[in-house]
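K.L.:
There are 2 protein chains.
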Amino acid sequence: MENLLQIIIKKRDGEELTEREVESIVNGYVSGDLPDYQMTVFLMAVYFQGMTDIEIGYLTNSYIRTGDRIDFPFTTVDKHSTGGVGDKISIMLAPIVAACGVKVPMISGRALGHTGGTLDKLESIPGLRTDLSESEFRKVIDEVGFSIISQTDNLVPADRKIYALRDVTGTVESLPLITASIMSKKIAEGAANLVLDLKVGTGAFMQNESAATKLGKMLKSTGERLGQRVEIVYSNMNSPLGLYIGNALEVQEAIEYLQGKNIPDLDMLTKHLAAKMLTLSGTYQEYQQAMRAVTKAIESGQALERLARFIRMQGGDDKVCETPQILGKAKYTVDISANKTGYIQSIDTRRIGYALMNVNAGRRVLESQLDYNSGAYIEAKIGDFVNVDEAMGKVICNDKDKGRYTAELITKAYIISDHKKKKENIILEVE
Amino acid sequence: MENLLQIIIKKRDGEELTEREVESIVNGYVSGDLPDYQMTVFLMAVYFQGMTDIEIGYLTNSYIRTGDRIDFPFTTVDKHSTGGVGDKISIMLAPIVAACGVKVPMISGRALGHTGGTLDKLESIPGLRTDLSESEFRKVIDEVGFSIISQTDNLVPADRKIYALRDVTGTVESLPLITASIMSKKIAEGAANLVLDLKVGTGAFMQNESAATKLGKMLKSTGERLGQRVEIVYSNMNSPLGLYIGNALEVQEAIEYLQGKNIPDLDMLTKHLAAKMLTLSGTYQEYQQAMRAVTKAIESGQALERLARFIRMQGGDDKVCETPQILGKAKYTVDISANKTGYIQSIDTRRIGYALMNVNAGRRVLESQLDYNSGAYIEAKIGDFVNVDEAMGKVICNDKDKGRYTAELITKAYIISDHKKKKENIILEVE
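Line order of the protein sequences matches chains A and B.
If you want my numbering, it's the position in the first sequence, counting the first as 1, plus 557.
If you want my numbering, it's the position in the second sequence, counting the first as 1, plus 557.
Okay, structure coming up:
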């Protein structure tokens, strides 16, 4: 057996580890030979010393090999977002792409901190299950063209165990560790093609473009090293995405979008990601062709019909696709008032996400109970003109006091001044 | 309660911690509120980010406050060495200084890795105990003027617990952590004055002067911050110290020195450290005066007489002070032969320490059994001329095969060439 402490010291001293060394650490931890207190110093050493692209490839592959790897006999494509506020895109995107003829095996996550999670949003639909077995997952994909589930027990168990440890030891914010965590799951789930929606801005983990491109390159290089085709889309997270934030509220918005409602930022990003998925997977050669197919899938109602079949097959009530309002909204609304007259210069979108934890729209810790019907409706984005005391949006809540407090916190996330401010693009031209 | 993870992240991000934050970490760990897997990331964060002098003072003080602090109603002085090969100086130094009228409360350590430990050496004397209680420790100091014991259970328990964790997580080699570990014990033991013998060279932890002075300044500043007077002596560890290496062998050499045997490097360093202890503690104003008192304490036999009383009071057989040969030597000797004719350019002294583990003169791990009577006699030092195949010394052992292997390893630690090479000074002029 390798001396695991020697490997940790080698990384501490900034040397590049071999494939065998990286694998010894990961397998040693999963098997219990490497105790928590040594694994955490390895993680902290990686935090400080980083990893080369080659090492990140070894790490990701070692993660994958601790569990099952799903393989499909047909072309597959998935999208992963690095997390933001109001990001309900997967709920529209997966059925659109499936309707265009490519299969989407999507393993998704839960809300944590200021960001939402697709699984929680979907589970606000009565009866809908996301804890499918691999064979159920395959069956839904075969019949509907896509499925969205939670990580099964035997998919990348190393990542689950290591993520729990990172969360309590200050080693979450390490680009190599983030990369291995994301890519191992996205490769093990069987997606041969992957479009990454890398969010940049005040509501994202990556606050500026240089940090985002560093992560983007790492993710792409790791996927390609392990045989996956990867494309990165950088998108703007300086404002919440769409109009609604909150679990059932976002599902309703996603369905209304597929029913034909015009929501500009959502529309632009969803169609762009869908077209990228279709070209990356080779379904269409040309972006414009792909765009036309995407638009048709939405306008013809085929995407909405796919979503309804998906909901039904995973145990949910598909009437929501006809009447999304049945999901309901919380009892009270409290206006979010502008504290000044002028143009919105910036929004601390992360603070909005955190503020909404007060009405249980988000999770402080993984055990937090969610109130699916709470959240916010927010119209005001960067560049908009507002009058003092005018409502920029509203908090939707079941506890009026907490709602008021939340609305005040959100007001403070806005910086307003007399200077005109340009509206921002949702898709960023980076590099 | 402070959020301990927030404090760890603050240190990870390179910020200076407050006294309360440092204390929360140390107390949290000792009480069990902070689990091993979080403490180790704190230690690794300190490894990478370092600590300011102020923080190191907080850390040292927090260590001390987890246990008892001994206080004496008279002037005290101690010496601490950062560890080397053949370093038997404490055995001579403590009785010399006591004979000159200053009390020496000395808490010492065990052999580990390539370095020896005073406790192991002393325990080669039949019957001698080092595990005294605090009241026994005080009694021996009162009556003999010095005592050398092992760390009692309630002296700096934080250091014992944290050191064990550092040892298995690659966080030993951190100057702030080394400083807190050394200084907490040397302050808690009740030494108001402390001379530090900072070893520099191939047989020391600090291989070069710049690393050594960095540690030296940190140790001095920390002691002074906590009310201790500290003086640093930098000494040469490019060759083994004295002629013998090995537990009972070094005790015999120390007694022979006090009986009048001339061993130049030992003599020079012992007297210098003794004189510094006497001036630092205010017993003598002038170094030359102190030097004369030291020489007299040795030549008059008073130092040897103190050593005999100490051995007797701690349960040992004081006949060794008359006839050190009764401690015995291992059965066999194997020559250490020069592999070339020429001048000794350098000696990898650390490798000699490691080689001697093969005859059980040193400890690979804390549980290793020692053979007190094994070791080596080594005459050849840097600058000496040797002929090929000439004996530069000998391995003393109870297993001839292992002895031969050890002798070969030691031969390889020597670099010999035709160029003349200056002999090196034992006391270094640093800064």
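Positions of the beta carbon are idealized from the N, C-alpha and C atoms, including for glycine.
1. For Val-598(B), return the contacting residues in chain A, with the cut-off set at a CB-CB distance below 8 Å.
2. For Thr-880(B), which three-state DSSP category applies?
3. Closer than 7 Å, Cβ to any Cβ of chain A: which residues of the segment 568 to 595 of chain B, in chain order?
4. Hey, which unbroken runs of the alpha helix (DSSP H) at 4 residues or more fall wholly within the segment 682 to 758 of chain A?
5. Tell me the rounded alpha-carbon separation between Leu-923(A) and Gln-606(B).
6. Under the DSSP definition of a beta bridge, which residues are partnered with Gly-899(A)?
7. Mind listing which residues of the segment 606 to 639 of chain B have their C-beta closer than 8 Å to chain A's C-betas, in chain order?
8. Under 8 Å, Cβ to Cβ, is there at least one residue of chain B near Ile-565(A)?
9. For Met-546(A), which residues in the same chain have their Cβ closer than 8 Å to its Cβ, ignoring the five residues on either side in sequence?
10. Please go through the segment 603 to 666 of chain A and give each complete alpha helix (DSSP H) segment of 4 or more residues, from N-terminal end onward.
11. Taking the continuous beta strand (DSSP E) assigned at Arg-920(A), which residues delimit it?
12. Closer than 8 Å, CB to CB, is Leu-722(A) near chain B or not?
13. Taking a cut of 8 Å between CB atoms, which residues from the segment 903 to 931 of chain A lie near chain B?
14. Say whether chain B places a C-beta atom closer than 8 Å to the C-beta of Leu-669(A).
15. Specify whether the segment 969 to 982 of chain B and the segment 891 to 911 of chain B touch according to this definition: at least 3 beta carbon pairs, one from each stretch, less than 8 Å apart.
16. Between Ala-865(B) and Asp-875(B), how many whole angstroms is the CB-CB distance? I'm expecting something under 8 Å.
17. Anything in chain B within Cβ reach of Leu-562(A), meaning under 7 Å, just list it in chain order.
18. Please confirm whether Arg-723(A) and Leu-591(A) have their CB atoms less than 8 Å apart.
19. Mind checking whether Asn-804(A) and Ala-918(A) have CB atoms under 8 Å apart?
20. List the DSSP bridge partners of Tyr-841(A).
21. Report the start-end ranges of each alpha helix (DSSP H) in the segment 789 to 827 of chain A that is 4 residues or longer and not cut off at the edges.
22. With DSSP collapsed to three states, give me the class of Ala-933(B).
23. Would you check if there are 3 or more beta carbon pairs closer than 8 Å linking the segment 642 to 649 of chain A to the segment 606 to 617 of chain A?
24. How close, in whole Å, do the beta carbons of Leu-806(A) and Ile-935(A) come, if the pair is a contact with beta carbons under 8 Å?
25. According to DSSP, is Asp-892(B) helix, strand or coil?
26. Going by CA-CA distance only, name the one from Leu-798(B), Gln-859(B), Met-914(B), Leu-751(B) that's closest to Ser-838(B).
27. Give the secondary structure of Ile-566(B) by DSSP, where H, G and I count as helix, E and B as strand, and everything else as coil.
28. Checking 8 Å against the spacing of the C-beta atoms, do Ser-681(A) and Tyr-929(A) come in under that value?
29. For Tyr-900(B), does the count of other Cβ atoms within 10 angstroms reach 16, so buried, or fall short, so exposed?
30. So Ala-887(B) and Ser-931(B) are in contact, right, with Cβ under 8 Å, and what is the actual spacing, rounded?
31. Measure how close the beta-carbons of Thr-617(A) and Val-587(A) come, nearest whole angstrom, since I'm counting them as under 8 Å.
32. Kindly indicate which three-state DSSP category Thr-836(A) falls into: helix, strand or coil?
33. Taking the alpha-carbon positions, what's the Lys-568(A) to Val-603(A) distance?
34. At which residues does the alpha helix (DSSP H) containing Ile-868(A) begin and terminate?
P.N.:
Judging by the given coordinates:
1. Thr-597, Val-598, Leu-600, Met-601, Thr-726, Gly-727, Thr-728
2. coil
3. Arg-569, Asp-593, Tyr-594, Gln-595
4. 691 to 701, 714 to 724, 732 to 745
5. 31 Å
6. Val-943(A)
7. none
8. yes
9. For residue 546(A) there is no data in the structure shown, the boundaries of chain A being 558 and 988.
10. 610 to 622, 646 to 656
11. Neither: Arg-920(A) is in no beta strand (DSSP E) and is coded neither H nor E.
12. yes
13. none
14. no
15. yes
16. 4 Å
17. Val-725, Gly-727
18. no
19. yes
20. According to DSSP, which records beta bridges pairwise, Tyr-841(A) is partnered with nothing at all.
21. 804 to 815
22. strand
23. no
24. Not quite, the Cβ-Cβ distance comes to about 11 Å (not below 8 Å), so this is no contact.
25. strand
26. Leu-751(B)
27. helix
28. yes
29. buried
30. 5 Å
31. No, Thr-617(A) and Val-587(A) are not in contact; Cβ-Cβ is about 15 Å, not under 8 Å.
32. helix
33. 7 Å
34. 859 to 870
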